[in-house]
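Engineer:
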Amino acid sequence: MKHQQLADTLRARLADVQADIARLEEATIQPLSPNFSEQAGDLEALATNESREVQQIQEAEQILAALTRIEHGDYGVCDKCGADIAPGRLAALPTATRCIACAA
Numbered sequence: 004m005k006h007q008q009l010a011d012t013l014r015a016r017l018a019d020v021q022a023d024i025a026r027l028e029e030a031t032i033q034p035l036s037p038n039f040s041e042q043a044g045d046l047e048a049l050a051t052n053e054s055r056e057v058q059q060i061q062e063a064e065q066i067l068a069a070l071t072r073i074e075h076g077d078y079g080v081c082d083k084c085g086a087d088i089a090p091g092r093l094a095a096l097p098t099a100t101r102c103i104a105c106a107a
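Counting from 4, one number per residue, gives the positions in the sequence shown under our numbering.
As C-alpha cells, this is what we get:
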C-alpha cells in the first residue's frame, strides 16, 4: 500500500487524540470545588475542556475517515471534483477531502 506510512502516522495521531479525549472526559466529570469562590474557575476550566473535547472528537472522526479512504484506495482524490489532491496539501493536512480549488 503506497500510503502505509501515512496510515501509520494517522493511527499514531489517532491514539494520541483518543487518549486526550479520555483525559478530557475524566476532567469534565470532576465535582466542582466546595469553595464557592473557586467554582467560577472550575466552571471556566470545564467549558474549556468540553470545547477542546469537541475539537478532539472532530479530529478523530477526520482521521478515521482518512484511514477509511486509504483502505478503499480513494485517498488523495477530491470528493467534490474527483481530481487528485496535491501532495503538498496532503502533507500539510493529511485529512483533506478536497483539492485546493474545491476547498476555497
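Where is the CB? At the ideal position from N, CA and C, for every residue including glycine. For clarity, every value in this text was computed on a predicted model and none was experimentally measured.
Per DSSP, what are the beta-bridge partners of V20 in this structure?
Structural biologist: Paired residue(s): none; V20 is not in a bridge.
Engineer: What three-state label does DSSP hand D77 in the structure shown?
Structural biologist: It is coil, neither helix nor strand.
Engineer: With a CB to CB cut of under 7 Å and the five nearest residues on each side skipped, what residues in its chain are close to L49?
Structural biologist: Hits under 7 Å: T31.
Engineer: Alpha carbon to alpha carbon, how far is E74 from E28?
Structural biologist: Going from the Cα of E74 to the Cα of E28 covers about 30 Å.
Engineer: Compute the beta-carbon to beta-carbon distance between A86 and L13, rounded to the nearest angstrom, for a pair I have assumed lies under 8 Å.
Structural biologist: A86 to L13, Cβ: 22 Å. No contact.
Engineer: Residues bridged to D45 by DSSP?
Structural biologist: For D45, which the question treats as bridged, DSSP gives no partner whatsoever.
Engineer: Give the DSSP-derived three-state secondary structure of D11 in the structure shown.
Structural biologist: DSSP places D11 in helix when its eight states are reduced to three.
Engineer: Based on the DSSP secondary-structure assignment, which residues constitute the bridge partners of G87?
Structural biologist: For the sequence presented, residue 87 should be read as Asp rather than Gly. Paired residues: V80.
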